[in-house]
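Remarks on the structure that follows.
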Amino acid sequence: MKNITVLLAEDHGIVREGLRALLDHEKDIVVLGEAKNGREAVVLSRKLRPDVVVMDVAMPLLNGLEATRQILRQRPPPKLLILSMHMDEAYMDQARALGASGYLSKQTTFPALAEAVRKIQEGGTFFCPAAAKHRASSPAKIPTARLSSRETEVLQLVAEGNSNKDIAGELKISLKTVEKHRQSLMDKLDIHHTAGLTRHAIAIGLIEGNVPLTLN
């Protein structure tokens, strides 16, 4: 029987190492690599061609949902299993709409994670039923559909405190192109300062709420 190959995408080192140790203990699962941010996950998925990518939602440089969108454009695409602290229904609906095969809470037990990996590799789906309980009490925080994939990337990088020059280097595009994307997302959101963009990124769950506001 062929082993199931997995790529782990998780920005917290101790969590990532723990997941790897647990999955590697399974006889039929092999962890090919680890990514500490969404952009690295996209690159490693293309390079390693895993069967399954286990993806956190809140990650630096590129959030897990946008990374999922980009990874599922690869041919052939791997299966995507979202593993997240965000348990409101909106996140699960967004993941499903993007093409993810599963969504699990980080509060889940390890046997459930292993079961989910196996099930989605076989062509099934595995969406944690616990998320439905949070629908009424948790506000929807999902990336706005009005922004393009690139504008979403720029928004996250701006909100994380990167300058236009830093963003150009990270995305490997010209400074002029960054300025164009930044102006476009400001126009679409009707937000014209960095602090407002940062607050918006936090409000929709694009980044965590502990990022300091930049006042320029």
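If you read the sequence shown in our numbering, its first letter stands for residue 132, the second for the next number, and so on. By construction, the Cβ of each residue, glycine as well, lies at the ideal position given by its N, Cα and C atoms.
Check this for me: beta carbons of residue i and residue j, under 9 Å apart or not?
{"i": "residue 192", "j": "residue 164", "result": "no"}
{"i": "residue 199", "j": "residue 233", "result": "no"}
{"i": "residue 189", "j": "residue 338", "result": "yes"}
{"i": "residue 211", "j": "residue 235", "result": "no"}
{"i": "residue 329", "j": "residue 299", "result": "no"}
{"i": "residue 333", "j": "residue 245", "result": "no"}
Give the DSSP-derived three-state secondary structure of residue i in the structure shown.
{"i": "residue 325", "result": "helix"}
{"i": "residue 176", "result": "helix"}
{"i": "residue 188", "result": "coil"}
{"i": "residue 231", "result": "coil"}
{"i": "residue 239", "result": "coil"}
{"i": "residue 220", "result": "helix"}
When burial is assigned at 16 or more other CB atoms within 10 Å of the CB, is residue i buried or exposed?
{"i": "residue 186", "result": "buried"}
{"i": "residue 134", "result": "exposed"}
{"i": "residue 205", "result": "exposed"}
{"i": "residue 217", "result": "buried"}
{"i": "residue 238", "result": "exposed"}
{"i": "residue 142", "result": "buried"}
Need the endpoints of the beta strand (DSSP E) that residue i sits in, please.
{"i": "residue 303", "result": "No beta strand (DSSP E) contains residue 303, which DSSP labels as neither H nor E."}
For the alpha helix (DSSP H) containing residue i, list its first residue and its last residue.
{"i": "residue 148", "result": "144 to 155"}
{"i": "residue 202", "result": "195 to 202"}
The ligand ZN and residue i: does any heavy atom of the ligand fall closer than 8 Å to the residue's C-beta?
{"i": "residue 279", "result": "Among the ligands in the structure shown, none appear at all, so the ligand ZN cannot be discussed."}
Taking three-plus beta-carbon pairs below 8 Å as touching, is the stretch 277 to 288 in contact with the stretch 297 to 316?
yes
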